[in-house]
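Top line first, the protein sequences correspond to chains A and B.
Taking the numbering used here, the leading residue of the first sequence gets 26, the next gets one more, and so forth.
Taking the numbering used here, the leading residue of the second sequence gets 20, the next gets one more, and so forth.
The structure appears right after this line, and notes come after that.
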Amino acid sequence: MLTALALVLLALLLLGAAAPLLARRAGGEAALQAACGAAAGVLASLGAGALALGVAAPPLALPLASPWGPLRLALDGLSAWFLLPLGLCAAAAALAGPRAVPGPVPPRRLAAPPLLLAGLGLAVLAADGFGLLLGFGLVAVVAAGLAAREAGPAASRRAVRGLLLASGGGALCLAAAFGLAAAGGSGESAPDFAALRAHPPEGWRAAAFHLLALAGIAWLAGLLPGRRPPPLAAAATAAGGAGPAAALLLGALPVLAPYAAARLLLDLGGPAQPPWWGVPPLLAGAALACAGAARAATAERDADSVVAALAVGQSGLALAALGLAAGFRAADLGPLAALAAGAGLLQALHQAAAVTLLMLVAEGVRRGAGSRRLDRLGGLVRTMPWTAGGALLAAASLAALPPLSGFAAHWLLLQGLFAAWRVGDAGFQFAALGAALLAALAAALAAAALVRFYGLAFLGPPRTPRAAGAAETLPRTRIAALALPAGFCVLVGLVPGALLAFADPALQRLAGASVAPRAGLLGIAAPGVDAPEAVARLVPPAVALLLALVALALALALRRWATPGLAEAPAWTGGAMAPPPHLPFGDPAIQPSAAGMAQPLRRAALGLQGCAAARPLRRAPDDPRPAVPQAAAASWVRPLRWARRALRAANGLAMPGRLRVETRRLPVRRVVGRLFAILLGLLAALLALAATG
Amino acid sequence: MSGVSGWLGALLVQVLHLAVMLAAAPLLAGLLRTAAARLAGRRGPHPLQPWRDLRKLLRKQTVAAEGASPVARVAPCAAVVATVLAAALVPSFSLGMLLGPLADLLLVAGLLLLARLARELAAMEAGALGGLDAARGLVRLVLAEPALVIAAMGLAMLAGTTGLEGIIAAVREGGAGGGVARLALPASAVLALAGLALAENARLPLGGAGAPALPPEAERELAGDRAAAPRDASGRHLALWEFQAALRLLVWLSLIAALALPVGLAPAGAGPLAWAAGLLAWAAKLLALGLAMAAAAAACARLPPARLPEFLAAALLVALLGVVLAFGSAVRL
Chain A
26 MLTALALVLL ALLLLGAAAP LLARRAGGEA ALQAACGAAA GVLASLGAGA LALGVAAPPL
86 ALPLASPWGP LRLALDGLSA WFLLPLGLCA AAAALAGPRA VPGPVPPRRL AAPPLLLAGL
146 GLAVLAADGF GLLLGFGLVA VVAAGLAARE AGPAASRRAV RGLLLASGGG ALCLAAAFGL
206 AAAGGSGESA PDFAALRAHP PEGWRAAAFH LLALAGIAWL AGLLPGRRPP PLAAAATAAG
266 GAGPAAALLL GALPVLAPYA AARLLLDLGG PAQPPWWGVP PLLAGAALAC AGAARAATAE
326 RDADSVVAAL AVGQSGLALA ALGLAAGFRA ADLGPLAALA AGAGLLQALH QAAAVTLLML
386 VAEGVRRGAG SRRLDRLGGL VRTMPWTAGG ALLAAASLAA LPPLSGFAAH WLLLQGLFAA
446 WRVGDAGFQF AALGAALLAA LAAALAAAAL VRFYGLAFLG PPRTPRAAGA AETLPRTRIA
506 ALALPAGFCV LVGLVPGALL AFADPALQRL AGASVAPRAG LLGIAAPGVD APEAVARLVP
566 PAVALLLALV ALALALALRR WATPGLAEAP AWTGGAMAPP PHLPFGDPAI QPSAAGMAQP
626 LRRAALGLQG CAAARPLRRA PDDPRPAVPQ AAAASWVRPL RWARRALRAA NGLAMPGRLR
686 VETRRLPVRR VVGRLFAILL GLLAALLALA ATG
Chain B
20 MSGVSGWLGA LLVQVLHLAV MLAAAPLLAG LLRTAAARLA GRRGPHPLQP WRDLRKLLRK
80 QTVAAEGASP VARVAPCAAV VATVLAAALV PSFSLGMLLG PLADLLLVAG LLLLARLARE
140 LAAMEAGALG GLDAARGLVR LVLAEPALVI AAMGLAMLAG TTGLEGIIAA VREGGAGGGV
200 ARLALPASAV LALAGLALAE NARLPLGGAG APALPPEAER ELAGDRAAAP RDASGRHLAL
260 WEFQAALRLL VWLSLIAALA LPVGLAPAGA GPLAWAAGLL AWAAKLLALG LAMAAAAAAC
320 ARLPPARLPE FLAAALLVAL LGVVLAFGSA VRL
């Protein structure tokens with residue numbers, strides 16, 4: 026089986042090398058896409074077969090040696106599971122691949138998909154640090170090449186520089202982590218996974234390994250968002266015209282972050298690590314999810330940039346689930362660790378399916394409506410119904426709506442976070458509380474981003490003539506390309522329990538426990554306490570069936586009691602005039618726009634930051650505060666002033682209903698301060714009580 | 020045999036519960052409207068007026084905006100379907116319903132979220148003002164969701180599960196005799212949920228100091244983002260949206276009633292007598308909650324809409340307080 030996988034990777038590399046030859050042939054591109062799709066199918070089916078049969082093959086040493094030792098490949102439950110999202114994404118991208126526009130294709134663009142797939146596959150199958158770095162490096166180089174090719178000169182230089190810097194930094198971090206672990210553990214210089222597993226790092230080496238590995242993974246998988254778009258997302262959006270490569274970069278590469286984290290931190294880190302081992306991925310993942318979703322909801326104005334930011338956020342959620350699993354495992358809570366790790370694995374599969382679908386939709390919109398700016402689209406649901414349907418499914422899934430895939434993954438993650446207090450460590454408990462807060466915020470922000478995306482691109486009147494004239498070209502392969510990830514969105518949502526049972530080898534490796542008694546064919550029971558009434562159940566098939574039944578009843582009721590038919594009238598614009606004849610697509614100034622839709626959210630976030638911007642307006646221009654010498658002279662007054670202030674605060678505390686609604690705007694900072702003062706007081710009282718009794 | 024009869028009893032309770040919920044939702048909305056009017060010194064409409072409105076709207080012809088998409092046509096149905104399923108899951112007068120094992124706080128929240136997003140998508144179809152309404156609604160959603168999840172976390176820590184029946188049982192146990200945290204945890208969670216219910220169902224008296232003194236229902240109609248329906252809904256679509264809003268309010272109030280005051284809920288496998296007592300208790304709890312809400316809306320000062328984020332942040336902090344207290348105390352389940 027490993028030999029077959031190695032041959033597939035080799036064939037992909039050869040395909041990439043042969044791309045310049047194929048680019049000259051007429052049917053070259055189609056043949057190459059077909060080969061890529063077949064390779065993806067072989068990868069995914071071998072992974073599924075390995076999971077189903079439980080094959081554990083010995084590592085295969087390739088005849089290709091690095092200076093530090095041979096290059097080894099291995100296939101266990103974990104890498105077999107992650108071959109599934111990889112193959113799914115690559116197969117969908119290859120199906121959607123052949124462009125509608127005839128003409129010569131630049132060979133660089135043609136070579137990208139097979140090389141990317143080979144790099145991703147190598148990273149998943151590698152059995153030593155060198156192979157992992159080689160896979161990631163191949164992906165980074167191809168992405169940099171694409172960005173250099175597709176973007177304009179200045180933008181491309183910036184994108185390439187950012188990408189190479191991030192990848193180089195990440196690779197350095199990972200290499201340092203491996204070196205540290207290898208030097209501390211087995212004494213061998215080769216960062217072989219089996220040797221590392223036998224001698225996991227300990228003490229300060231473990232901490233350094235952990236942090237270096239986490240930083241390296243985040244950089245290499247292109248997850249770190251900054252003020253500018255993260256380099257990988259920039260490369261992917263720049264490569265948007267290149268078809269399948271962009272879908273691979275956004276659908277499959279972010280999935281590799283949870284894979285690498287699971288491999289390095291959970292598998293290689295060993296089960297003997299303390300509970301804090303889970304805290305950095307937990308918090309970093311949740312913060313990443315929040316940042317990505319916030320970026321998608323407020324900052325991005327292009328269809329594919331929104332998808333890119335969402336993809337980053339989704340892999341943050343998977344990282345958080347894996348961190349949670351590490352914490353549970355450290356506290357010997359095996360079943361809970363299995364549930365949390367299962368949440369991470371489901372999230373990875375869900376993310377690959379939903380993000381790939383949304384990326385294909387964004388690309389279809391760009392082809393059909395000629396733009397990726399949300400402000401230039403609109404009304405596409407009428408002219409591009411298949412694309413709109415796929416987008417609705419992907420959006421509902423990413424917004425964690427029942428009974429689709431996102432809800433199953435989110436439900437499992439939240440169940441794990443809610444049970445985090447069972448880990449006795451107080452720091453871990455507070456980290457889980459913060460992560461629950463951030464995860465909920467991320468889900469809500471993602472929902473807001475998706476409503477904005479879908480509403481602006483597909484609903485309302487068309488905003489430009491080009492959007493009004495949009496059309497979708499749908500060869501059969503393109504429908505299949507949309508249907509494949511859509512089917513996975515529904516499948517993961519409907520039978521998460523069966524999938525978790527299927528992923529049992531991976532969960533055994535990650536959590537050291539099986540999820541089997543809690544995951545059945547139809548549903549999942551959480552959090553795994555044995556008392557029957559204290560079990561929460563997720564039975565998505567029943568939810569779907571009930572929704573269908575209620576919908577049927579509603580249809581019958583409407584048919585019985587409501588007047589049928591639908592008349593059409595000009596849209597009510599709140600009393601505004603009809604647009605003048607020279608603006609047949611409406612006045613752009615009064616239409617919802619991407620920036621306008623984001624503005625209330627930005628304003629609310631600003632209000633929550635304590636109105637820092639508004640403060641200068643309140644103070645008089647000539648500051649009446651005393652100058653420094655006077656203040657020093659009157660220092661004896663200070664205790665009095667403090668006492669007065671404390672009295673005033675106590676007054677406010679005693680009457681929280683008196684928030685002085687009418688007179689003055691109380692900054693949320695002060696509300697927070699008061700509530701935390703109450704909290705601290707109560708905690709002190711509790712501690713005193715505990716000390717006395 | 021007992022298994023079959025128990026199953027049939029659970030089915031009967033479930034059907035009765037759903038029928039009562041569907042019938043009571045517009046009635047509760049009407050009662051609240053009447054109460055608000057009486058408190059403001061007006062006569063107010065008849066409590067059955069929402070039902071009459073629904074019947075009238077269903078008979079009228081539905082008008083859609085030119086070129087409105089299928090999304091605008093399907094959205095009200097999707098919202099009603101999701102809310103009806105949520106209503107079927109939240110217990111009203113009895114435990115031990117057929118869908119009881121399925122009733123999960125996170126699932127109910129997900130279904131209500133589905134209805135919310137359907138509403139915002141339908142609003143996006145309605146031109147410029149619709150986009151503004153949707154954007155404001157999304158802000159409320161983003162601010163409310165963390166508070167909801169943290170409140171659910173508190174309840175789940177108390178009960179060890181997010182299943183509603185388990186939570187209710189745990190709250191009852193805690194009420195019967197428990198430490199400070201066993202009481203403080205559900206209290207803070209329910210307080211946060213109550214704040215969310217006010218914000219989510221547009222029951223907060225919003226409006227600046229200079230806002231004209233309108234009756235509350237007219238005020239809700241004027242503020243597009245808090246109205247039950249998107250601006251251009253009419254006919255059966257408007258009826259569906261109004262029904263959905265009434266049902267959503269009932270779901271929230273039933274949830275709070277079941278969590279805060281779990282007295283009077285008929286146990287699983289009880290007979291008709293216990294059901295009748297449970298129905299009476301449920302009606303009394305709903306009336307008390309509704310009247311408290313109406314009285315508070317009449318008595319309190321108006322909240323400027325820009326301060327809604329702070330209101331929701333306060334709800335979040337209350338929920339956080341409960342969870343942190345539970346972390347800090349040694350009293351755990």
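Here a beta-carbon is modelled for each residue, glycine too, at the ideal position from N, C-alpha and C.
Buried or exposed by the 16-neighbour rule on C-beta atoms within 10 Å, applied to residue i
| i | result |
| --- | --- |
| VAL164(A) | buried |
| ALA457(A) | buried |
| GLY228(A) | exposed |
| VAL270(B) | buried |
| GLN80(B) | exposed |
| HIS65(B) | exposed |
| HIS375(A) | buried |
| TRP26(B) | exposed |
| MET602(A) | exposed |
| LEU126(B) | buried |
| PRO609(A) | exposed |
| ALA38(B) | exposed |
Top-ranked residue by Cα proximity to residue i, from the options
| i | options | result |
| --- | --- | --- |
| PRO565(A) | ALA60(A), PRO542(A), ALA578(A) and ALA523(A) | ALA523(A) |
| ARG326(B) | PRO165(B), GLY173(B) and LEU223(B) | LEU223(B) |
| THR181(B) | LEU266(B), GLY119(B) and LEU268(B) | GLY119(B) |
| PHE483(A) | SER396(A), ALA506(A) and SER539(A) | SER396(A) |
| ALA271(A) | GLY122(A), ALA702(A) and PRO605(A) | GLY122(A) |
| ARG255(B) | ALA188(B), GLY28(B), LEU331(B) and LYS75(B) | LYS75(B) |
| LEU124(B) | ASP152(B), ALA154(B), LEU212(B) and PRO64(B) | LEU212(B) |
| VAL448(A) | GLY352(A), MET384(A) and GLY537(A) | GLY352(A) |
| THR102(B) | ALA289(B), LEU259(B), LEU67(B) and ALA293(B) | LEU259(B) |
| ALA420(A) | PHE478(A), LEU402(A), LEU399(A) and ALA368(A) | PHE478(A) |
| ALA345(B) | GLU388(A), TRP446(A), ALA433(A) and ALA311(A) | TRP446(A) |
| ALA279(B) | PRO89(B), PRO110(B) and ALA142(B) | PRO110(B) |
| ALA247(B) | ALA153(B), VAL158(B), ALA276(B) and ALA178(B) | ALA153(B) |
| ALA206(A) | SER192(A), LEU189(A), HIS224(A) and ALA191(A) | HIS224(A) |
| LEU183(B) | ALA709(A), VAL560(A), ALA208(A) and GLY590(A) | VAL560(A) |
| PRO84(A) | SER70(A), GLY53(A), THR28(A) and GLU54(A) | THR28(A) |
Same chain, Cβ closer than 7 Å to residue i, neighbours up to 5 away in sequence not counted
| i | result |
| --- | --- |
| VAL515(A) | LEU429 |
| ALA413(A) | LEU405, VAL406 and PHE483 |
| VAL103(A) | Reading off the sequence, residue 103(A) comes out as Leu, not Val. Once the five neighbours on either side are set aside, the close Cβ partners of LEU103(A) are ALA287, ARG288, ASP292, ALA531, ARG534 and LEU535. |
| ALA87(B) | GLU144 |
| VAL517(A) | LEU371, LEU374, HIS375, ALA378, SER430, ALA433 and LEU524 |
| ALA541(A) | ALA526 and ASP529 |
Residues near residue i in its chain [Cβ-Cβ closer than 6 Å; skip 5 each side]
| i | result |
| --- | --- |
| ALA544(A) | GLY522, LEU525 and ALA526 |
| LEU217(B) | LEU223 |
Residue i CB to nearest heavy atom of the ligand SAH below 6 Å
| i | result |
| --- | --- |
| SER88(B) | This structure simply doesn't include the ligand SAH, nor any ligand for that matter. |
Beta-carbon contacts of residue i that lie in its chain and below 8 Å, excluding the five residues immediately before and after
| i | result |
| --- | --- |
| LEU305(B) | ALA43, LEU47, LEU269, LEU272, SER273 and ALA276 |
- Task: Could you tell me whether the stretch 75-85 of chain A touches the stretch 35-55 of chain A, using the rule of 3 or more Cβ pairs below 8 Å?
- Result: no
- Message: I want to know whether the stretch 132-141 of chain A touches the stretch 59-68 of chain A - three or more CB-CB distances under 8 Å.
- Response: yes
- the stretch 489-507 of chain A in contact with the stretch 328-346 of chain A per 3-pair CB rule at 8 Å: no
- Task: Mind the definition here: the stretch 187-202 of chain A touches the stretch 226-243 of chain A only if three or more C-beta pairs lie below 8 Å; say whether that holds.
- Result: yes
- Pair every Cβ in the stretch 467-476 of chain A with every Cβ in the stretch 156-169 of chain B, then say whether three or more of these pairs are closer than 8 Å. yes
- Inspect the CB distances between the stretch 350-365 of chain A and the stretch 528-548 of chain A and report whether three or more fall short of 8 Å. yes
- With contact counted as at least three CB pairs below 8 Å, one residue from each stretch, are the stretch 309-316 of chain B and the stretch 174-193 of chain B in contact? no
- Item | Any 3 or more C-beta pairs closer than 8 Å across the stretch 131-151 of chain B and the stretch 424-443 of chain A | yes
- Continuous alpha helix (DSSP H) assignments of at least 4 residues falling wholly in the stretch 545-615 of chain A: 565-586
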